[in-house]
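Novice: Residue numbers (the working numbering): 70 to 377.
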């Protein structure tokens, strides 16, 4: 699972064409590219805001969900109303706004366009819905990612090879979990694939010595239909002991500032800075993990295959 691609792919033309007629294939491509609304019942209706990975931004998300179910233009309007009120900026200080995917100028790089114009090309799908949500849940982190990604684009240009830094930034953007931890022994357990310590013997430490926030929008999209092997890339954030005495909004603000500063200040960014974390193993996030036997599945809770 650790080697899997972070984000979902659009099926290639040959595979999609076998599923039906040419007309059906064309319609599916339009949906995937955000040029047409998803067929009803829409996947937007499948978001369960009671799930812990969605609950962190449920208040805004429920409003956007209703707008998305109404139509593409309604979703963009709802997102832009919130953007105007928040006065959020992108990686180079441009005022945040959301535009239709088709409004991205031909040949313009996605991250570069966001940095220079402030406008985030957005499709009418769950992937971009959750991407937009993160601009409000963790605005500084999103701006820092955009600043670094656009700088890498200027340095290396657009080509077939993204480069190690852009790969890492994309992995963070698509599949990251923020593992806030005040107890170094728990971070050591996570990095060492010591699932018994992390999830069983130290289970009572969750919520008091460590916790997780979902960040990656592709990961959130996958969690619409959660499966046991769903794994995020955990970015470990050392937090002070009094972090867990703060309310959730204050914790998110602390994480937003600390992680964004790290992304901007760290010279060397590589995928080795992450640790794999099976999402449904997090205590309190999945009923089945209340049984210790849940963690005996070595196809999910694997031992490490590389030295750290």
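Even glycine gets a Cβ: it sits at the ideal position worked out from N, Cα and C.
So, do the segment 174-191 and the segment 263-281 have three or more beta carbon pairs nearer to each other than 8 Å?
Specialist: Touching, no, given that fewer than three Cβ pairs across the two stretches are closer than 8 Å.
Novice: How close, in whole Å, do the beta carbons of residue 232 and residue 148 come, if the pair is a contact with beta carbons under 8 Å?
Specialist: Contact doesn't hold; Cβ gap of about 30 Å is too wide.
Novice: Starting from the C-beta of residue 339, find all residues in its chain whose C-beta is less than 7 Å away, skip the five residues before and the five after it, and write them out in chain order.
Specialist: Counting only Cβ-Cβ distances below 7 Å, and skipping sequence neighbours, we find 233, 237.
Novice: List the endpoints of the continuous beta strand (DSSP E) containing residue 345.
Specialist: That run of the beta strand (DSSP E) goes 343-347.
Novice: For residue 282, list the residues DSSP reports as bridge partners.
Specialist: In the DSSP output, where bridge partners are listed per residue, residue 282 has 247.
Novice: Could you check the C-alpha separation between residue 332 and residue 282 for me, to the nearest Å?
Specialist: Looking at the two C-alpha atoms, the distance is approximately 17 Å.
Novice: Can you check DSSP and say which residues form a bridge with residue 164?
Specialist: Looking at the DSSP assignment, residue 164 forms a beta bridge with 158.
Novice: Please identify the residue among 352, 323, 303 whose C-alpha is closest to the C-alpha of residue 240.
Specialist: Taking only the C-alpha atoms, the option nearest residue 240 is 303.
Novice: Using CA atoms only, rank isn't needed, just tell me which of 125, 299, 162 is closest to residue 322.
Specialist: When each option's Cα is compared against that of residue 322, the closest is 125.
Novice: Taking just the CA atoms, how far does residue 356 sit from residue 143?
Specialist: Each residue's Cα considered, the two are about 36 Å apart.
Novice: To the nearest angstrom, how far is the alpha carbon of residue 113 from that of residue 206?
Specialist: The alpha-carbon atoms of residue 113 and residue 206 are separated by roughly 19 Å.
Novice: What is the rounded straight-line gap between the Cα of residue 300 and the Cα of residue 269?
Specialist: In a straight line, the C-alpha of residue 300 is about 18 Å away from that of residue 269.
Novice: So, using beta-carbon positions, are residue 219 and residue 243 closer together than 7 Å?
Specialist: No, they are not a contact pair.
Novice: Nearest-angstrom Cα distance between residue 368 and residue 182?
Specialist: Taking the straight line joining both Cα atoms gives about 41 Å.
Novice: Output needed for residue 248: all residues of its chain with C-beta closer than 6 Å, excluding positions within five of it in sequence on either side, in chain order.
Specialist: Excluding sequence neighbours, residue 248 sits near 281, 303, 305.
Novice: Can you tell me where the alpha helix (DSSP H) holding residue 330 begins and where it ends?
Specialist: Taken as a continuous stretch (DSSP letters only), the alpha helix (DSSP H) holding residue 330 covers 317-334.
Novice: So the beta strand (DSSP E) residue 191 belongs to, where does it begin and stop?
Specialist: Start and end: 188-191.
Novice: Taking the alpha-carbon positions, what's the residue 352 to residue 130 distance?
Specialist: Rounded to whole angstroms, residue 352 to residue 130 spans 24 Å at the Cα level.
Novice: Out of 292, 169, 296, 287, which one is the CA nearest neighbour of residue 121?
Specialist: Of 292, 169, 296, 287, the residue nearest in Cα terms is 292.
Novice: Exposed or buried, residue 277, counting other C-beta atoms within 10 Å across all chains shown (16 or more means buried)?
Specialist: Per the 10 Å Cβ criterion, exposed.
Novice: If residue 188 and residue 166 are in contact, beta carbons under 8 Å, what's the gap, nearest whole angstrom?
Specialist: Indeed, because the Cβ distance is near 5 Å, the residues count as touching under 8 Å.
Novice: Report the partner residues of residue 302 according to the DSSP bridge assignment.
Specialist: Residue 302 is bridged to 245, 345.
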